[in-house]
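First comes the structure, then the notes that go with it.
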Amino acid sequence: MVDVTPADAVPPAEVGEVELYHPHSWWTKYVFSQDAKVIAVQYSATATAIGLVALVLSWLMRLQLGFPGTFDFITPEAYYQFITMHGMIMVIYLLTALFLGGFGNYLIPLMVGARDMVFPYVNMLSYWIYLLAVLVLVSSFFAPGGPTGAGWTLYPPQAIMSGTPGGQDWGIILMLSSLILFIVGFTMGGLNYVVTVLQGRTRGMTLMRLPLTVWGIFTATVMALLAFPALFVACVMMLLDRVLGTSFFMPAIVEMGAQLQHNGGSPILFQHLFWFFGHPEVYIVALPAFGIVSDLISTHARKNIFGYRMMVWAIIAIGALSFVVWAHHMYVSGMNPYFGFFFATTTLIIAVPTAIKVYNWVLTLWRGDIHLTIPMLFALAFIVTFVNGGLTGLFLGNVVVDVPLSDTMFVVAHFHMVMGVAPILVIFGAIYHWYPKVTGRMLDETLGKFHFWVTFLGAYLIFFPMHYLGLMGVPRRYAELTDMTIMTESAHHLNSFISIMAFVVGFAQMVFLFNLIWSIRHGREAGGNPWRATTLEWQTPQTPPAHGNFGKELPIVYRWAYDYSVPGAKEDFIPQNVPGDFAPSREPA
Amino acid sequence: MAETILTHTSQLDRPQGWRGIAADWASDQRAFKNVSWGKAMMWIFLLSDTFIFGCFLLSYMTARMSTRVPWPNPSEVFALRIGGSEIPLILIAIMTFVLISSSGTMAMAVNFGYRHDRRKTAILMLLTAALGATFVGMQAFEWTKLITEGVRPWGNPWGAAQFGSCFFMITGFHGTHVTIGVIFLIIVARKVWRGDFDIGRPGFFTSRRGRYENVEIMGLYWHFVDLVWVFIFAFFYLW
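Quick note, the sequences are listed as chains A and B, same order.
Here the working numbering is used: the first residue of the first sequence is 82, the next is one more, and so on.
Here the working numbering is used: the first residue of the second sequence is 3, the next is one more, and so on.
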C-alpha cells in the first residue's frame, strides 16, 4: 500500500501564515527564546545536567552495595536519599523532560511541517518553570536534613515521618513542591505539543502520514496530561498532611512511642493516586522511545516500516491500556485480592500490542539494507533490551509470581531493563541521529562505537546479574546486606562486579559528553540530510534549521514518511515533500 | 501492494462507519476543522483539569466512605440562622445561584464579542467578574464562619477530621480557579474596552495580536469552573 497524493490534488491551506515572534536581542534569541528548537536544547541540556547528578548518585549507591563498610560517609540515611533522588530524577526530570521537552520540542514542529509550536510564549514558560522545578529539587541537597529518603514512590506514612531522612525536615516539602512545579510547567509544554500535532500540520500531512516519532511523542503527551493530575493531587494532599497536619494519607500511628496527631487517613489511597500516574509514566517514557526507534530502524535499514497502521494503533492501544493496569504495582499492598486478578489480566493484555511492535521492528529489519550506523546499533540494542525487560514483566505481572519476587533485586533488574536502559539506549541513538540536524556536524564515529559497545554490554552486565540476585531473595532498598544468610559469598562477588561495571558504563558516558561538546566545532560537516532520510526535518533549507524552520514556503507533503528503496525511484529514498507516484514498473524483470 | 490511495477522493469513495470517522479525524492539516489553536488548547487543558478535580473528588469520597468516625452533617454545618430559624445550605444555594448566573452573563459577553460590540462585551465581562468576585467573597465568609466555629484542616468539633481537610482543600482549589478567572476576565475586558482586538495591538507579554475569539476561550474556562462547582455542590454539600 503506497500512500501518495498526486501533485494536483493537494488541498488548500486551512490556516493562514502564523505570526512569528522575531527576537530583537541576544537575550530573546538564546535565553528567553520562544523558538521551539532553542527551547528543546535548553530542556535537553538541563535534563542532562540533572541526569549527571543521578548518575553520580547511582555510583554512590553501588559503592555501598559492592563494597559494604568501606565508605563511612554513606550512612543508611544517605543511601536512602541517594536511592530516592536517583529514581525521581531519572524518571521525571531526565527521561520525561528529555523525551517530551527535548525531542518533542525539536522534532514535532519540524516533522509536521510547522513554523513553531502553536503558542511559543507558553512553550517558553514551560521550560523556565521546569528549570525552577529542577532548582527546587537540587536545593533539597543543601537544605537542613538533606533531600528526602522516602524512596522514589514517596509512600506515606513513612515519607513524612521523622525516621525517614527529610521526612520532618525540608526534604519532602521541597520534593513535593518541585513535582508540583514540574507538572505545571509540563502542562504548558504538553498542551503545545498536542495542539501542534492535532491542528498545526502542513498541507498534505494527514495523521496517518506522521512519522512514528511524532505519534509516540504525541500519545505520550496526551497520556501525561491525563496522568500527571493524579500525581499533582497526591502531592498537594501529602504536602497538606506534612505542613498543616491533615490526615489524607496518615492513619493513626505511633512514632517513637508517641501517638501522632494524624488519624483515619488511607496510605493505600496515595498508592492508587501515585500509580494511576506512575504506570502511565512508564509508557510516557516508553512510547516516544518506540516511535523514535521505529524511525531509526526504517531509515538505517533503508526499508519502509512494516505495518505502519498497526504500529499507530498499537501505540494508541498501549496508551489506553496503560491507564487500567496501575494496581499491578500494589499486589502486596493489602488491597482486595480480586483487584489483583483484574489488574493481572489487563497487564498481560498489554503484551499483545507491545509484541506487535516488536515483531514489526524485526520484520522491518528482515531483508533490509541494514547500515550498522551508530543510531542503528542503539536501535538494535534497544530491541534486545526491551524484549528482555518485557519478558521479566510477564513474571511480575502475575500475582502469584510477583508476591515472592516483590521488593527483590529482580524488580530492580526488570524496571531498569525495560524503562531505564531501553529508553536511554533510544535517547543515545536519537542523539547520534539528530545531532547533525541540530549542530550541522556529525558526532565522532569512533568515540560513538566505543560509547555504544561499552554502554550496551556494560548495562547488560550490570542489570542481568541482578535477576539472579533477586531470585535468590536479595531485597532491594537495603543499604547493608553483609550479615544476611541469603547473601552467599558468590552473591557478594556478583555485587562487587556489578558495581565495577557501573563505574565503567558511567565512564563511557563521560566519553559521550566529550563527543557532544567536541563535535560541535570539530565534527565532520554533515550537510542537510546525512542519513538520506525522508522526513521533513531533513528537508529544511538551512542546517541547523533557521527561525521559522522552512524558509518562505512551508513544505507540502505528498507521501508517508517511509518511502525507502521504492522500486523505480532514482534514489533509495523519497522525501515526504517530493510529488509524484513511483509505482513499480509492470514489465517483467 | 502497490494500490494508490488518494487523500482527496470523491464523495462516493469515502470510507464508511468507523473507518470514515478515523479518516476524518486523521485528515489533512487539522483534526478539528473549525477549531482554532487557542480553542483546542483550552479544551485540552480543561480535560486535564477535569482529571485534577476528579482526583480531588474521588479522594474525598474515599475518605468519606472509609472513615469510621461519623461525618458531620453538611445540612447542619452549612446552615445559617436567619430570622431565628436555621436555614440549611442557604449560603451555598445563593453562591451557586450567583455562579450559575455569571455563566449567563459570560455567554452574553461571547455573543456581543462576536458582534464586535466593544461596550456591551466589556460591561458583561466585568459583570461576570463581579459575580465571580461575589462568589469568592461569600466563600471567604463561609470559611470565616467555619473557622470561628472551630473547623480546622486537621480537625473539627463534629466528627471525621477529613471533613475540614477536604472542605478547605477542594473549595480552596476551586476558589483559586474562580479568582484566576476573575483576574483574566478583567484583563480581557480591558483589552476589549480599549479596542485591542480591533486594531490588532500586540500583547504585552506574548507580542501577539488577540482576537475576539479570546472572549469565547475565556468563556470556556469560566463555564468549566461553574460546571465543576455543580459537582462539588452535589458531592460535598448534598451528599
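Where is the CB? At the ideal position from N, CA and C, for every residue including glycine.
Sorting A:Pro-517, A:Ile-430, A:Ala-130, A:Ala-90 by C-alpha distance to the C-alpha of Pro-625 of chain A places A:Pro-517 at the top.
For Phe-313 of chain A, the chain B residues whose Cβ falls inside 8 Å of its Cβ are Ile-54, Cys-57, in order along the chain. Comparing alpha-carbon positions, the option among A:Thr-327, A:Thr-287, A:Ser-221, A:Asn-385 lying closest to Pro-648 of chain A turns out to be A:Asn-385. Counting C-beta pairs with one atom in each stretch, the region 194-203 of chain A and the region 626-637 of chain A have three or more that are closer than 8 Å, which means they touch. Here Leu-82 of chain B carries a strand assignment [DSSP, helix/strand/coil]. Note that the C-beta distance between Met-416 of chain A and Ile-349 of chain A is below 9 Å. Annotation for Val-592 of chain A: Leu-528, Phe-531, His-532 place their beta carbon closer than 7 Å to its own, counting only its chain and skipping 5 residues before and after. Within chain A, Gly-271, Leu-272, Val-275, Val-276, Leu-279, Val-303, Leu-306 have C-beta atoms less than 9 Å from the C-beta of Ile-46 of chain B, given in sequence order. Not a single CB atom of chain A sits nearer than 9 Å to the CB of Phe-137 of chain B.
Taking a cut-off of 8 Å for Cβ pairs, the region 150-166 of chain B and the region 339-346 of chain A touch, as three or more such pairs fall below it. Scanning A:Phe-355, A:Gly-285, A:Ile-298 for the CA closest to the CA of Gln-657 of chain A turns up A:Gly-285. Where Ile-185 of chain B is concerned, the enclosing alpha helix (DSSP H) starts and stops at 164-196. Per DSSP, Ser-87 of chain B is one residue of the beta strand (DSSP E) stretching across 87-89.
In this structure Gly-230 of chain A touches Gly-247 of chain A by the C-beta definition: roughly 6 Å separates them, less than 8 Å. The continuous stretches of alpha helix (DSSP H) do not include Thr-327 of chain A, and DSSP gives it neither H nor E.
At a Cβ-Cβ threshold of 9 Å, Ile-601 of chain A and Glu-526 of chain A do not count as neighbours. Residues of chain A whose Cβ lies closer than 8 Å to the Cβ of Arg-211 of chain B are, in chain order, Glu-100. Assignment of Asp-51 of chain B by DSSP, reduced to helix, strand and coil, places it in the helix class. Closer than 8 Å at the C-beta level to chain A, one finds no residue of the region 139-154 of chain B. The Cβ of Ser-347 of chain A sits closer than 9 Å to at least one Cβ of chain B. No beta strand (DSSP E) of 3 residues or more sits fully in the region 105-172 of chain B. Taking C-beta atoms as the reference points, Val-227 of chain B and Val-194 of chain B fail to come closer than 9 Å. Closer than 9 Å to the CB of Leu-321 of chain A there is at least one CB belonging to chain B.
Going by C-alpha positions, Ala-42 of chain B is about 19 Å away from Ile-23 of chain B. Taking the beta carbon of Glu-95 of chain A as reference, the chain B residues within 7 Å of it are Gln-31, Arg-32, listed in sequence order.
By the 16-neighbour rule on beta-carbons within 10 angstroms, Pro-204 of chain B is exposed. Sequence-distant Cβ neighbours of Gln-352 of chain A in its own chain, meaning closer than 6 Å and more than five residues away, are Met-411, Ser-414. If you check the CB distance, Leu-93 of chain B and Leu-101 of chain B do not come in under 9 Å.
In the DSSP assignment, Phe-226 of chain B falls within the alpha helix (DSSP H) that extends over 215-234. Along the region 192-217 of chain A, going in chain order, the ones with a CB nearer than 7 Å to a CB of chain B are Val-199, Phe-200, Tyr-202.
Boundaries of the alpha helix (DSSP H) harbouring Thr-445 of chain A: 418-446, taken from the DSSP string. Cβ neighbours of Leu-175 of chain A within its own chain (closer than 7 Å, five residues either side excluded): Ala-128, Ile-131, Gly-132, Ala-135. Secondary structure of Asp-644 of chain A (DSSP, three-state): coil. Its chain contains no residue whose beta carbon lies nearer than 6 Å to that of Leu-475 of chain A once the 5 sequence neighbours on both sides are disregarded.
Counting every other CB atom within 10 Å of its CB across the protein chains shown gives Gly-632 of chain A a total below 16, marking it as exposed.
Taking Gln-623 of chain A as reference, the option from A:Val-519, A:Pro-546, A:Tyr-643, A:Phe-654 with the minimal CA-CA separation is A:Val-519.
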